[in-house]
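Trainee: One structure is given below, represented as structure tokens, and several questions about it will come after.
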Amino acid sequence: MIPRNRKSCKLDFTQEVVWERIYLKKKCKEVGVEKEYILYEKRLRCNSIGVFIFLHSAVTLIHCFLLIMTCQYLSIIQIDIGFYIGAALLIITVLSINFKEEIIRKHSWIMYASSVVAASLMVSVDLILHVYHKSTDNWDVGSFYDTYVIYSIYLFMPIPFIKGPLILGVFVSLSYITYFFAYLDSKHLYHMNNVVQFNQMVVDVLHYICFNMLGLFFRLMNDIIVRSSFLDRQQYVMEEIWLRSARKQEQRLLHSILPPQIARPFQEDIRSRVALAGKRRGHRSHNIKERIMAIQNHPEVSILYADVVNYTYLTTTLTVNELVTLLHDLYGRFDVAAAHFKVQRIKFLGDCYYCVAGLSRPNPDHAKCCIDLGHCMIAHIREVRSNRHLNIDMRIGVNSGSLLAGVIGAAKLQYDIWGNDVMIAGKLESTGRPGHIHISERTLGSILDNTYEILPGTEEAVNDPYLSSHNIHTFLIAAIDIKLEDYDLKGDDANSFKHLAAERTSTIERELQDEYAKLPVGTFNIRDFIRFWKKTKNKPHNMDNASRPIVDFFFLHFRDPRLEYNYMRQPDYMLKYSILLAWFVGISLIYIQLVYHDSGNLCYYVNIIVFTTMTVPLFITWFKKMCYWRYKKDSHNFSKWACTIFRIAEFMQGNLISRLCIYMSTIIGYFGVISVVLVDCDQEEFQVRHIEDKLYHYEPDLFMCFHPWVLTNMACLMIGMSVIFTRIPWMVKIIVSVLEGLTYVIIMFFQFEYVIHHSKTTNPYFLSEYAHSYIIAITIVSFYLMERQAEFNSKVNYNWRVELLKKQQDAVITNKSITILLQNILPAHVVSVYLTSIARHELYYEDYQMVAVMFASLQNFVLDLANLRVLNEIITEFDKILYYYRKDYLVEKIKIVGCTYMAACGLDPRFSGHIDGHNNNSIIKEVARAQRFLAAFQNQSNVEGVRNEVVFILTTFALDLLRTLWMCSSVYNKLPIDRGVFSADMSIGISCGEVMAGVVGASQVHYDIWGNPVNMASRMDSTGVSGHIHITQETAVILRGYGIECNYRGMTFVKGRGVLPTYFVGIDEDYEFRNTPEFYNRPTVNIVTRKRQDNDDIDDIDR
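Residues 1383 to 2485 in the numbering used here are what the sequence shown lists, from first letter to last.
What follows is the structure in structure tokens.
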């Protein structure tokens, strides 16, 4: 669109360019579909042969029938009927060869040859009959096929493209012009030295030129529309292939978070939220509390816990690349083995891998599946240990029973399992023996085919309080030597994301070929019609709307009224070509009128008005194109008047009413020009003069009234232009053209019957009135069938554009859905990098110098169904808090394990540039105060200060979790529920330092972090005290630097590290930080809880 600037503007021709034939042809070559388009064009041309055979058969039979019924002397016209029928049979036979698509593909010259033969036969019949009747019967008959053959060449003949029909049409026109000029000149009817006779010759030439231009215009517009349709379909297929692949990726991503049995509601929820967010354009969603909670009970399953022995040593000795490669190798092997044994992996817990058999589908042999998987895992880790020379082993525990499985929370959705039997499986693993499978008595009883060596359980299991309290008797199954090559454990590429691109690329060409073969070639296909008729006949009452064509067969309107309305309202970027052709036809009609009637003021007034009304739209619509030609390579500022013309042209293109006004003014102008010729005709004088000419053998005066056949040709031109005008409703054009034909015939029959009756005819004794009427009828029917094909192509093109737009919108939703799903697996900054890495078949890993890690565990929380509902509400509230921290400070939720919430800060490289935003957020204000305190009392470098800031932010987040839990407790205490269901006790552990992160897994990708801070944060949580934030000494030093009081707890035993000094973060009764004495004038701020009073609901899509 042209910007509205009072002084100047820039020219925007981008929308018009895509409807230029040169651009479309170039685009077809660029995308590599020019050859396919040529084949499709040939199919279109061959389909039009069927229409022509129907038309030509009807024209011939009706003509012959009229000759037989109206001619007095049948003996004279027998040769006419014979020639017509014989030529029709020959033409049908010759053109029918084009129905053999295989032959046409190999020998495309047949299309050209058959078209030339068919056109030559019609021309030959016309000329031979003229010579025959003139020489034998002294009948000077007119040609019957002259305009009809030109219509047929451009509209129906199989000769493809533009040049071929143009050359053949010009050849046919020259044949008629040359013959009649030479023949009439020999009879002294035309003399080139006579200006009047020369004008008569020019009139005939103009008629042929105009008819050829009508046909050429149809071919050009049809080529533009079909090319555009073809490109749209190609893009549609590409979008369809991409979307199908993206949906597979979306499904795999979702199934990497959730099992298939509960994934569908979440997938529909995500897609509906994305679509709703797009409609609301960023408005927040207010149905956060309506989040899906999917928890299912599974009574007969087996749970396997596997732990890598000596894992802590690996995290402290291996580099990031080595650790991620090792874990990816191990967990990738385990994923493939789990899929082989029909065991569903749940998640990783650092060095712990746990899965369940009989979860997705009931499996009576679930215990044996887990044990076989355990043997396979031991064999895998021994192979890895041998290949990589690492001191690692597997400790595996298996228990059978029931569990609850599902998803809780509002962000980073993760599938998990809960229940007493799950806890028992974890205890069996921790009390097990490396290289053995530690099972419970119930698992042993569930093995249907027990062929294993059973050993007594471990001493640690006997002494474990939890196992003893539940009276669990345990057994060991010794590892067996198995050959991995005996199992089909090769990774399934179809389950890997990096196979998607190759899979998509390999199917594009084949699917494009199939789609091109199914492209529609016309409104009527005899095979499809018969098939549809049979379906309708067999199932008359069961035909649904989906089986019906989208376009009505007779009137070609969309069955969907909204689609038809939108189609009619679309802009016409080819309007300038229609106006140019209409202007040329109008000028030709004016010239013809002046030849026959060049006197009187009325003539000049009408011509001036018609010329002006046609020239003004021509100038307006072509001015923009001319400016584009002149300045397309330069950036030019156009004047105010030029900009006004541009806007008027755009209005004319985009407004249906304005186009209808131009269309009707053109038709009225044509009628005005023809009417001037009719007005000056005095039929009584003509009748007297005509009788005198016959009596006294005078030479007939051609200008005494008007030349009937010239006027008929003018009417045919007007009808053709009425039909061929682009982007006018099809029914309007048909109605206008039929009314034009009827009006002309009525006027000729009732007003100028004598003039028409004594004009030339096409056959001896065939009434001239019938000949004129029949030519008008043939013109209307020919252009009707032509426009029917063009309208069908236009509506197919529009429907494909609508479908393409829907596909693109669906692709946007799918793409956003994939992003959301990936962000539920990976941190936001990892998503794009990870996709790039898998495209290159590389592992993704990172190493961070300073990351803060937090574990927060609810205490005394029995994981039954009632408590899980409460846990879901609590975790959802925590996730709401996370939304603010993730948005402003890039705090990432890593995972939820049972009742433990794990998060980290500092995993995003953008952190240092992201935290100093100027926002009214209370978190940012508190961080800013802490930064000012740090700058005043500490002598640290900026880089180190920014790195250490992650500790303060995560500690602030941990304090907000305690506040939120206290608020939840206050709410639950007011509800009439069992007080034993909910406990407000939560311990939190935080540590910091160097952390490794990466993506591992085969069928289910998993993002995790490793390193000493992860282990220490977990130990701080497990050894902590409810209601306190337990931290390491390094963390305490950093927090004190921010003015936060840290209370020394004492020496605490930490598994794997020995006895270490630990601290509690100073928190008062109002859940505010206690500050060191150096921290002055710090106002009390309730960080997120206060903010959330004004923001009850959060748009969860962004998360």
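Think of the CB as a built atom: it goes at the ideal place given N, C-alpha and C, for glycine as much as any other residue.
Regarding Pro2443 and the ligand MG, is the C-beta to nearest heavy atom distance less than 7 Å?
Mentor: With respect to small molecules bound, the structure shown includes none, and the ligand MG cannot be examined in it.
Trainee: Would Ser2239 and Met2368 qualify as a contact pair, given that the criterion is a beta-carbon distance under 8 Å?
Mentor: Closer than 8 Å, so yes.
Trainee: Please state whether DSSP places Val1523 in a helix, a strand or coil.
Mentor: coil
Trainee: Could you pull the start and end residues of the alpha helix (DSSP H) that Lys1408 belongs to?
Mentor: 1403-1412
Trainee: List the residues that DSSP assigns as beta-bridge partners of Gln1678.
Mentor: Ala1787
Trainee: When DSSP labels each residue in this structure, what does Pro1999 get in the three-state scheme?
Mentor: helix
Trainee: Label Lys2262 either buried or exposed according to how many other C-beta atoms from any shown protein chain fall within 10 Å of its C-beta, with 16 as the threshold for buried.
Mentor: With at least 16 other beta carbons inside 10 angstroms of its own, Lys2262 counts as buried.
Trainee: Could you check how far apart the C-beta atoms of Ser1506 and Phe1434 are, in whole angstroms? I think they sit under 8 Å.
Mentor: About 18 Å; that fails the 8 Å criterion.
Trainee: Report the start-end ranges of each alpha helix (DSSP H) in the stretch 1807-1839 that is 4 residues or longer and not cut off at the edges.
Mentor: 1823-1828
Trainee: Secondary structure at Lys2277, three-state DSSP: helix, strand or coil?
Mentor: In the structure shown, Lys2277 sits in a strand (DSSP, three-state: E or B).
Trainee: Locate the alpha helix (DSSP H) running through Phe2237, then write down its first and last residues.
Mentor: Note, Phe2237: premise wrong, no alpha helix (DSSP H); beta strand (DSSP E) at 2227-2240.
Trainee: Kindly say whether Ser1822, judged by its beta-carbon, lies nearer than 8 Å to any beta-carbon of chain C.
Mentor: As a matter of chain content, chain C is missing from the structure shown, which is built from one protein chain.
Trainee: How is Tyr1959 classed by DSSP in three states: helix, strand or coil?
Mentor: Three-state result, Tyr1959: helix.
Trainee: Straight-line CA distance for Val1415 to Leu1613?
Mentor: When only Cα atoms are considered, Val1415 and Leu1613 end up about 8 Å apart.
Trainee: Should the stretch 1765-1772 be called in touch with the stretch 1733-1748, which here means at least 3 C-beta pairs below 8 Å?
Mentor: no
Trainee: In chain order, what residues of the same chain have a beta carbon less than 6 Å from the beta carbon of Ser2176, not counting five sequence neighbours either side?
Mentor: Ile1607
Trainee: For Cys1985, which three-state DSSP category applies?
Mentor: Cys1985 sits in a helix when the DSSP states are folded into three classes.
Trainee: Measuring only the C-alpha atoms, how far is Phe1593 from Trp2091?
Mentor: So the two alpha carbons sit approximately 15 Å from each other.
Trainee: With a threshold of 6 Å on Cβ separation, who are the neighbours of Trp2112 within its own chain once the five nearest residues in sequence on each side are excluded?
Mentor: Leu1938, Glu2173
Trainee: Scan the stretch 1401-1473 and note each continuous alpha helix (DSSP H) run of 4 residues or more that stays entirely inside, going in chain order.
Mentor: 1403-1412, 1416-1452
Trainee: Could you round the C-beta distance between Ser1782 and Ser1684 to whole angstroms and report it? I think they count as a contact, below 8 Å.
Mentor: 4 Å
Trainee: Helix, strand or coil for Ala2285 per DSSP?
Mentor: Three-state result, Ala2285: strand.
Trainee: Helix, strand or coil: which one does DSSP assign to Glu2454?
Mentor: coil
Trainee: Going by beta-carbon coordinates alone, are Met2130 and Leu1971 separated by less than 8 Å?
Mentor: no
Trainee: Just how far apart, CA to CA, sit Trp1515 and Val1585?
Mentor: Note on residue identity: the sequence assigns His, not Trp, to residue 1515. Distance between the alpha carbons of His1515 and Val1585: 25 Å.
Trainee: Nearest-angstrom Cα distance between Ile1444 and Gly2123?
Mentor: 18 Å
Trainee: How would you write the range of the beta strand (DSSP E) that Gly2380 sits in, first residue to last?
Mentor: 2368-2382
Trainee: When the distance is taken between beta carbons, is Ser1822 closer than 8 Å to Asn1679?
Mentor: no
Trainee: Taking the C-alpha atoms as reference points, what is the distance between Trp1521 and Asn2145?
Mentor: 8 Å
Trainee: What residues are listed by DSSP as bridge partners for Arg1727?
Mentor: Cys1737
Trainee: The beta strand (DSSP E) spanning Arg2431 covers which residue range?
Mentor: Looking at the DSSP string, the run of the beta strand (DSSP E) that includes Arg2431 is 2428-2436.
Trainee: Tell me the rounded alpha-carbon separation between Leu1976 and Val2058.
Mentor: 10 Å
Trainee: So, using beta-carbon positions, are Ala1628 and Thr2201 closer together than 8 Å?
Mentor: no
Trainee: If you compare alpha carbons, which of Phe2243, Leu1741, Phe2237, Leu2336 is closest to Leu2272?
Mentor: Leu2336
Trainee: Per the DSSP calculation, Met1776 is bridged to which residue(s)?
Mentor: DSSP lists Val1690 as partners of Met1776.
Trainee: Would you mind giving the Cβ-Cβ distance between Leu1755 and Ala1720, rounded to the nearest angstrom? I have them listed as a contact below 8 Å.
Mentor: 6 Å
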